[in-house]
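One structure is given here, and the rest of the page talks about it.
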Amino acid sequence: MPAAWPPRAVIRKSSGLRTLESALYRAGMGPVAGVDEVGRGACAGPLVVAACVLGPNRLESLAALDDSKKLNENERERLYPLIRRYALAYHVVYIPSTEVDRRGVHVANIEGMRRAVAGLPFRPGYVLSDGFRVPGLPVPSLPVVGGDAAAACIAAASVLAKVSRDRLMVAMENELPGYGFADHKGYSTRAHGAALARLGPSKQHRYSFINVRRLVSDGEPGEHGEVECGKMGPASPVDSDLREGQLSR
1 MPAAWPPRAV IRKSSGLRTL ESALYRAGMG PVAGVDEVGR GACAGPLVVA
51 ACVLGPNRLE SLAALDDSKK LNENERERLY PLIRRYALAY HVVYIPSTEV
101 DRRGVHVANI EGMRRAVAGL PFRPGYVLSD GFRVPGLPVP SLPVVGGDAA
151 AACIAAASVL AKVSRDRLMV AMENELPGYG FADHKGYSTR AHGAALARLG
201 PSKQHRYSFI NVRRLVSDGE PGEHGEVECG KMGPASPVDS DLREGQLSR
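Going by the UniProt record's numbering, the sequence shown opens with residue 1, and the numbers climb by one from there.
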(Lines of atoms letter the chains of each structure in order from A and count residues from 1; the text may use other names and numbers.)
(Lines give C-alpha, C1' and ligand atoms only; values in the text may rest on other atoms or scores of the structure.)
Protein backbone atom coordinates (compact mmCIF):
# COMPACT_ATOMS: atom_id res chain seq x y z
CA MET A 1 0.00 0.00 0.00
CA PRO A 2 1.55 3.36 -1.02
CA ALA A 3 2.57 5.65 1.82
CA ALA A 4 0.56 8.82 2.32
CA TRP A 5 2.26 12.10 1.53
CA PRO A 6 3.20 14.13 3.39
CA PRO A 7 4.14 11.65 6.11
CA ARG A 8 2.35 12.04 9.40
CA ALA A 9 4.47 13.80 11.99
CA VAL A 10 4.14 12.34 15.48
CA ILE A 11 4.50 15.11 18.03
CA ARG A 12 6.04 14.08 21.33
CA LYS A 13 6.36 16.07 24.51
CA SER A 14 9.49 18.18 24.29
CA SER A 15 10.83 21.46 25.55
CA GLY A 16 10.04 24.90 24.28
CA LEU A 17 10.06 25.87 20.65
CA ARG A 18 11.57 22.72 19.12
CA THR A 19 8.58 20.37 19.55
CA LEU A 20 7.00 20.84 16.13
CA GLU A 21 10.28 20.99 14.23
CA SER A 22 11.59 17.89 16.01
CA ALA A 23 8.47 15.98 15.01
CA LEU A 24 8.91 16.98 11.37
CA TYR A 25 12.58 16.01 11.37
CA ARG A 26 11.76 12.62 12.92
CA ALA A 27 9.19 12.06 10.17
CA GLY A 28 11.90 12.64 7.56
CA MET A 29 10.42 15.95 6.47
CA GLY A 30 13.42 18.17 7.16
CA PRO A 31 15.08 20.50 6.68
CA VAL A 32 12.35 22.71 8.16
CA ALA A 33 12.18 26.40 7.22
CA GLY A 34 10.36 29.01 9.27
CA VAL A 35 8.99 32.17 7.66
CA ASP A 36 7.86 35.41 9.30
CA GLU A 37 7.32 39.05 8.40
CA VAL A 38 7.74 42.42 10.07
CA GLY A 39 6.22 45.75 9.08
CA ARG A 40 2.79 44.58 7.99
CA GLY A 41 1.01 47.32 9.94
CA ALA A 42 3.48 50.15 9.31
CA CYS A 43 2.42 53.07 7.13
CA ALA A 44 5.99 53.71 5.95
CA GLY A 45 8.96 51.60 4.98
CA PRO A 46 9.17 48.11 3.52
CA LEU A 47 7.54 44.88 4.53
CA VAL A 48 10.43 42.60 5.49
CA VAL A 49 10.14 38.82 5.31
CA ALA A 50 12.73 36.27 6.44
CA ALA A 51 13.03 32.53 5.99
CA CYS A 52 15.34 30.58 8.29
CA VAL A 53 16.36 26.93 8.55
CA LEU A 54 17.74 25.63 11.83
CA GLY A 55 19.25 22.21 12.36
CA PRO A 56 17.37 19.41 14.14
CA ASN A 57 19.34 19.76 17.37
CA ARG A 58 18.75 22.39 20.02
CA LEU A 59 21.58 24.92 20.36
CA GLU A 60 22.32 26.53 23.71
CA SER A 61 23.52 29.62 21.85
CA LEU A 62 19.96 30.15 20.61
CA ALA A 63 18.22 29.19 23.86
CA ALA A 64 16.87 32.74 24.25
CA LEU A 65 14.94 32.57 20.97
CA ASP A 66 11.37 33.80 21.26
CA ASP A 67 8.84 35.89 19.41
CA SER A 68 10.80 39.02 18.39
CA LYS A 69 7.99 41.20 19.76
CA LYS A 70 8.64 39.76 23.23
CA LEU A 71 12.37 40.41 23.07
CA ASN A 72 13.83 43.83 23.72
CA GLU A 73 16.11 45.52 21.22
CA ASN A 74 19.32 44.45 22.97
CA GLU A 75 18.19 40.82 23.08
CA ARG A 76 17.30 40.86 19.39
CA GLU A 77 20.63 42.46 18.46
CA ARG A 78 22.49 39.83 20.49
CA LEU A 79 20.60 36.97 18.83
CA TYR A 80 20.86 38.35 15.29
CA PRO A 81 24.52 37.42 14.61
CA LEU A 82 24.08 34.10 16.42
CA ILE A 83 21.17 33.14 14.17
CA ARG A 84 23.18 34.11 11.09
CA ARG A 85 26.09 32.04 12.36
CA TYR A 86 24.27 28.88 13.43
CA ALA A 87 21.39 28.72 10.96
CA LEU A 88 21.77 26.19 8.16
CA ALA A 89 20.37 28.80 5.79
CA TYR A 90 18.45 32.08 5.78
CA HIS A 91 17.16 34.63 3.32
CA VAL A 92 15.73 38.12 3.88
CA VAL A 93 13.40 39.86 1.42
CA TYR A 94 12.34 43.51 1.33
CA ILE A 95 8.98 44.40 -0.23
CA PRO A 96 9.06 48.17 -0.90
CA SER A 97 6.16 50.41 0.04
CA THR A 98 5.26 50.91 -3.63
CA GLU A 99 4.73 47.18 -4.07
CA VAL A 100 2.73 47.00 -0.84
CA ASP A 101 0.48 49.73 -2.26
CA ARG A 102 0.16 48.00 -5.61
CA ARG A 103 -0.53 44.49 -4.33
CA GLY A 104 -2.15 45.18 -0.98
CA VAL A 105 -0.61 44.24 2.36
CA HIS A 106 -1.84 40.64 2.52
CA VAL A 107 -0.89 39.70 -1.04
CA ALA A 108 2.50 41.40 -0.64
CA ASN A 109 3.02 39.48 2.59
CA ILE A 110 2.31 36.11 0.95
CA GLU A 111 4.49 37.00 -2.04
CA GLY A 112 7.31 37.97 0.32
CA MET A 113 7.07 34.62 2.07
CA ARG A 114 7.28 32.79 -1.26
CA ARG A 115 10.33 34.84 -2.27
CA ALA A 116 12.03 34.26 1.08
CA VAL A 117 11.67 30.47 0.76
CA ALA A 118 12.70 30.55 -2.91
CA GLY A 119 15.81 32.52 -1.96
CA LEU A 120 17.17 29.86 0.39
CA PRO A 121 20.31 28.19 -1.00
CA PHE A 122 18.58 24.79 -0.88
CA ARG A 123 15.00 23.59 -0.96
CA PRO A 124 13.57 22.82 2.49
CA GLY A 125 11.53 19.70 3.10
CA TYR A 126 8.81 21.56 4.96
CA VAL A 127 7.84 25.18 5.64
CA LEU A 128 6.25 26.56 8.80
CA SER A 129 4.72 30.01 8.32
CA ASP A 130 3.57 32.40 11.00
CA GLY A 131 -0.20 32.49 10.86
CA PHE A 132 -0.76 32.63 7.10
CA ARG A 133 -1.21 29.85 4.58
CA VAL A 134 1.29 30.37 1.77
CA PRO A 135 0.00 28.93 -1.52
CA GLY A 136 2.42 28.23 -4.34
CA LEU A 137 5.26 26.75 -2.31
CA PRO A 138 7.01 23.75 -3.91
CA VAL A 139 7.05 21.82 -0.61
CA PRO A 140 4.47 20.97 2.09
CA SER A 141 3.75 23.79 4.51
CA LEU A 142 1.74 24.55 7.61
CA PRO A 143 0.52 27.89 8.97
CA VAL A 144 1.12 28.08 12.71
CA VAL A 145 -0.94 30.59 14.68
CA GLY A 146 1.45 32.50 16.90
CA GLY A 147 4.24 30.65 15.15
CA ASP A 148 6.99 32.99 16.31
CA ALA A 149 6.23 31.80 19.84
CA ALA A 150 5.67 28.15 18.84
CA ALA A 151 8.51 27.14 16.50
CA ALA A 152 12.19 28.00 16.79
CA CYS A 153 12.72 28.42 13.04
CA ILE A 154 9.85 30.93 12.87
CA ALA A 155 11.18 32.75 15.94
CA ALA A 156 14.60 32.95 14.28
CA ALA A 157 13.05 34.29 11.08
CA SER A 158 11.13 36.83 13.16
CA VAL A 159 14.34 38.14 14.74
CA LEU A 160 16.12 38.32 11.37
CA ALA A 161 13.24 40.26 9.83
CA LYS A 162 12.80 42.58 12.81
CA VAL A 163 16.46 43.53 13.20
CA SER A 164 16.90 43.93 9.43
CA ARG A 165 13.91 46.24 9.19
CA ASP A 166 14.74 48.25 12.31
CA ARG A 167 18.26 48.90 11.05
CA LEU A 168 16.91 50.00 7.70
CA MET A 169 14.44 52.39 9.32
CA VAL A 170 17.25 53.94 11.38
CA ALA A 171 19.22 54.47 8.17
CA MET A 172 16.10 55.89 6.54
CA GLU A 173 15.94 58.54 9.26
CA ASN A 174 19.33 59.79 8.05
CA GLU A 175 18.04 59.95 4.47
CA LEU A 176 14.70 61.47 5.44
CA PRO A 177 15.28 63.56 8.57
CA GLY A 178 12.31 64.86 10.47
CA TYR A 179 9.94 61.91 10.26
CA GLY A 180 11.36 60.10 13.28
CA PHE A 181 11.73 56.75 11.51
CA ALA A 182 14.47 55.69 13.94
CA ASP A 183 11.99 55.89 16.81
CA HIS A 184 8.64 54.67 15.47
CA LYS A 185 10.03 52.50 12.64
CA GLY A 186 7.31 53.66 10.26
CA TYR A 187 4.34 52.72 12.44
CA SER A 188 1.49 55.12 13.10
CA THR A 189 2.22 57.09 16.26
CA ARG A 190 1.26 60.58 17.37
CA ALA A 191 4.77 61.85 16.59
CA HIS A 192 4.70 60.22 13.15
CA GLY A 193 1.31 61.74 12.41
CA ALA A 194 2.58 65.19 13.38
CA ALA A 195 5.62 64.78 11.10
CA LEU A 196 3.37 63.68 8.23
CA ALA A 197 1.17 66.74 8.69
CA ARG A 198 4.22 69.01 8.78
CA LEU A 199 6.35 67.50 6.00
CA GLY A 200 3.87 65.60 3.87
CA PRO A 201 4.34 61.93 2.93
CA SER A 202 7.61 60.75 1.41
CA LYS A 203 8.06 58.11 -1.26
CA GLN A 204 8.73 55.61 1.51
CA HIS A 205 5.19 56.03 2.84
CA ARG A 206 2.35 53.70 1.88
CA TYR A 207 -0.28 55.69 0.03
CA SER A 208 -2.83 52.90 0.36
CA PHE A 209 -2.98 53.63 4.10
CA ILE A 210 -5.72 56.11 4.90
CA ASN A 211 -3.67 58.23 7.30
CA VAL A 212 -1.17 58.84 4.48
CA ARG A 213 -3.64 59.12 1.62
CA ARG A 214 -5.79 61.75 3.30
CA LEU A 215 -2.81 64.12 3.50
CA VAL A 216 -2.22 64.04 -0.25
CA SER A 217 -4.59 65.93 -2.50
CA ASP A 218 -2.83 65.44 -5.83
CA GLY A 219 -1.47 61.92 -5.26
CA GLU A 220 2.18 63.03 -5.19
CA PRO A 221 4.62 63.02 -2.25
CA GLY A 222 5.26 66.19 -0.31
CA GLU A 223 8.17 68.37 -1.41
CA HIS A 224 10.39 67.20 1.42
CA GLY A 225 9.90 63.54 0.53
CA GLU A 226 10.39 64.19 -3.20
CA VAL A 227 13.79 65.75 -2.63
CA GLU A 228 15.14 63.57 0.15
CA CYS A 229 14.05 60.22 -1.29
CA GLY A 230 16.18 60.88 -4.35
CA LYS A 231 19.19 60.18 -2.15
CA MET A 232 18.21 56.54 -1.84
CA GLY A 233 19.96 54.97 -4.81
CA PRO A 234 18.96 51.85 -6.75
CA ALA A 235 21.21 49.69 -4.59
CA SER A 236 19.07 50.36 -1.55
CA PRO A 237 17.50 47.14 -0.21
CA VAL A 238 14.20 49.00 -0.01
CA ASP A 239 13.99 48.74 -3.78
CA SER A 240 14.72 45.04 -4.19
CA ASP A 241 15.12 41.74 -2.43
CA LEU A 242 18.18 41.40 -0.28
CA ARG A 243 19.92 38.41 -1.81
CA GLU A 244 21.19 37.04 1.43
CA GLY A 245 21.75 33.43 2.31
CA GLN A 246 24.02 31.19 4.27
CA LEU A 247 25.15 27.61 4.17
CA SER A 248 26.68 26.08 7.26
CA ARG A 249 30.35 25.38 6.98
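Every residue gets a Cβ at the ideal spot worked out from N, C-alpha and C, and that includes glycine.
- Nearest to alanine 63 by alpha-carbon distance, out of Tyr80, Val100 and Gly180, is Tyr80.
- When the five nearest sequence neighbours on each side are left out, the beta carbons in the same chain lying within less than 7 Å of the beta carbon of alanine 157 are those of Gly34, Val35, Asp36, Ala50, Ala51 and Cys52, in order along the chain.
- The C-beta of arginine 85 has fewer than 16 other C-beta atoms within 10 Å across all chains shown, which makes the residue exposed.
- In the DSSP assignment, histidine 91 falls within the unbroken beta strand (DSSP E) covering 89-95.
- Contact between the stretch 189-201 and the stretch 70-80 is absent: fewer than 3 CB-CB pairs across the two stretches fall below 8 Å.
- Contact check for leucine 128 and valine 144: beta-carbon distance about 5 Å, within the 8 Å limit, so the pair qualifies.
- Note that the C-beta distance between isoleucine 95 and proline 46 is below 7 Å.
- Around serine 208, the same chain offers Asp101 as residues with beta carbons nearer than 6 Å, after the five sequence neighbours per side are excluded.
- Distances from the alpha-carbon of glutamate 60 to those of His184, Arg18 and Val163 put Arg18 closest.
- Collapsing the DSSP output to three states places valine 38 in a strand.
- When secondary structure is reduced to three states using DSSP, proline 140 falls in the coil class, being assigned neither helix nor strand.
- In this structure glycine 30 touches proline 56 by the C-beta definition: roughly 6 Å separates them, less than 8 Å.
- The beta carbon of cysteine 43 is closer than 8 Å to those of Gly186, Tyr187, Ser188, His192, His205, Arg206, Phe209, Asn211 and Val212 in its chain, skipping five residues each way along the sequence.
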